[in-house]
Amino acid sequence: MPTPPPSRPSRAEIGNVLILAGSQSLFTITTITVMTLASVIGLRLSASPGLATLPIALMMFATVLTTLPASLLMRRIGRRAGFILGATAGGALGSALMLASVARPSFPLFCAGMFLIGIYQSFGMYYRFAAADVTRLEFRSRSISFVMTGGVVAAVLGPINARAPLGLIPAIPFGESFLVTLLVSLLAATLLLQLRVPTIESPREEAAIRPLAAVARHRGFVPAVLASTVSFSLMVLYMTVTPLGMQAQGFGMVDITIVVQSQVLSMFIPAFFTGVLINRIGLLPILWAGVALMSLAMLIGAVSATLSLYVASRIAFGVGWNFVFVGSAVLLSTTHAPAERGKVQGVNDLTMFIVATVGSIAAAGLLQKLGWNMLHLVSLLPVGLVGASLLWLRKGRGAAATITQV
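For the sequence shown, position 264 matches number 264 in the working numbering, and the numbering has no gaps at all.
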């Protein structure tokens, strides 16, 4: 009997994934820009150096407050409407407030703008999950991975935009940067108008939604949430402290941009092949590789004193982050039914942002108390915890069998 030809994604599936990847790129340009500038501008505008990281903390706090409501809201009004709401009321309006804050200048106004960007982030972080909604099971890992490739363009343009290279508003420091994020947020909303997410829930599926405690008993649930939480929180921590730490060691904004750009490119370039690697060698090996690379990044970071070592540490971290973050999203998708996705994904991202918020609030204090090198050594502990959870997952035969089919 002849072997049937391999299934291929439909034009509708490809179109939806491309829209999500484009939206991911525009969203990430905004977040990279504001995270690169937040502590620097916070230091300029605040009355105390200790308040320099407050804007990023408020951004993360806003995401914590709205992550679960955003997921539940999109369950009622749909992914497209929710994503457009986030891009306009969060991204565009937040950018407008930050533009006004550096023109006035006003620290409270800047904080308010960062808070709205946090709301944008709470919606934008669901792009990767939406990729699983718009494609069939056999394309899930590749779709999630491909959506993350949208960050490659952002990795180049975000740090460049943070330097305001065009000089469009020379009278307002960093004003050009926020004008660009305002425009790209509106562009994202326009692009998302074309998104078509199929309805996959029926009344029978709604009635069959299990309590969260039942979902959490799946052996892959805790490792998935832990992996996404640790990887994302460490990313936020180092995006926050890297400009401050490098400035303290005498590096200028050009060098800081190079390091940030190296990390962000490394975070998203692997997304071109992460999904393929998961299909070929399995999900758990990719997660293990991510843990190993993140550990290597911390060890290099602990001895960083030159620009080349900073870059090497951030590259190792970025690739490891991609493997762990994309892998955790794929792993989480194996733990719940389609009708349960709003609740499960919301709880996952809520946990992730609560920890990231605590880290961003404590970032400046941790850097000051521990120093750059020791901070990296301490960061090995949560990475090791992810590794331990993967060992525990490996012992679960039923869960492991499910994972090997991803």
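Note that beta-carbon positions come from the ideal geometry of N, C-alpha and C, so glycine has one too.
Query: Alpha carbon of Ala-103 to alpha carbon of Thr-30, nearest angstrom; Result: 19 Å
Query: Nearest residue (CA-CA) to Arg-76, options Glu-340, Ala-362, Leu-26 and Ala-289; Result: Glu-340
Query: Cβ neighbours of Val-259 in the same chain (closer than 7 Å, five flanking residues each side left out); Result: Thr-242, Met-246, Tyr-310, Val-311 and Arg-314
Query: Whether Ser-266 touches Gly-220 by CB criterion (7 Å); Result: no
Query: Nearest-angstrom Cα separation, counted from Ser-23 out to Asn-16; Result: 11 Å
Query: Three-state secondary structure assigned by DSSP to His-336; Result: coil
Query: Nearest neighbour of Gly-407, chosen from Arg-79, Phe-61, Tyr-126 and Ser-141 [CA to CA]; Result: With the chain covering only 1 through 406, there is no way to say anything about residue 407.
Query: Unbroken alpha helix (DSSP H) run spanning His-376, endpoints; Result: 341-394
Query: Three-state class that DSSP yields for Arg-75 in the structure shown; Result: helix
Query: Min CB distance Tyr-126 to chain C below 7 Å; Result: In the structure shown, chain C does not exist; there is a single protein chain.
Query: Segment contact, 8 Å Cβ cut-off, at least three pairs: the region 327-345 with the region 87-105; Result: no
Query: C-alpha distance - Trp-392 paired with Val-225, whole-angstrom precision; Result: 14 Å
Query: Arg-128 classed as buried or exposed, judged by whether at least 16 other C-beta atoms fall within 10 angstroms; Result: buried
Query: Runs of alpha helix (DSSP H) wholly within the region 169-228 (minimum 4 residues, chain order); Result: 175-192, 203-207 and 212-216
Query: Three-state secondary structure (DSSP) of Arg-163; Result: coil
Query: Local conformation of Phe-411 per DSSP, three classes; Result: Here the chain comprises residues numbered 1 to 406, so residue 411 is not present and cannot be evaluated.
Query: Ser-46 (DSSP reduced to helix, strand or coil); Result: coil
Query: Nearest to Ile-41 (by Cα), restricted to the options Leu-26, Ala-132 and Thr-240; Result: Thr-240
Query: Option in Leu-244, Thr-357 and Val-330 with minimal Cα separation from Leu-279; Result: This sequence places Asn at residue 279; Leu is not what is there. For the residues Leu-244, Thr-357 and Val-330, the minimum Cα distance to Asn-279 belongs to Val-330.
Query: Status (buried if at least 16 other CB within 10 Å, exposed otherwise) for Ala-12; Result: exposed
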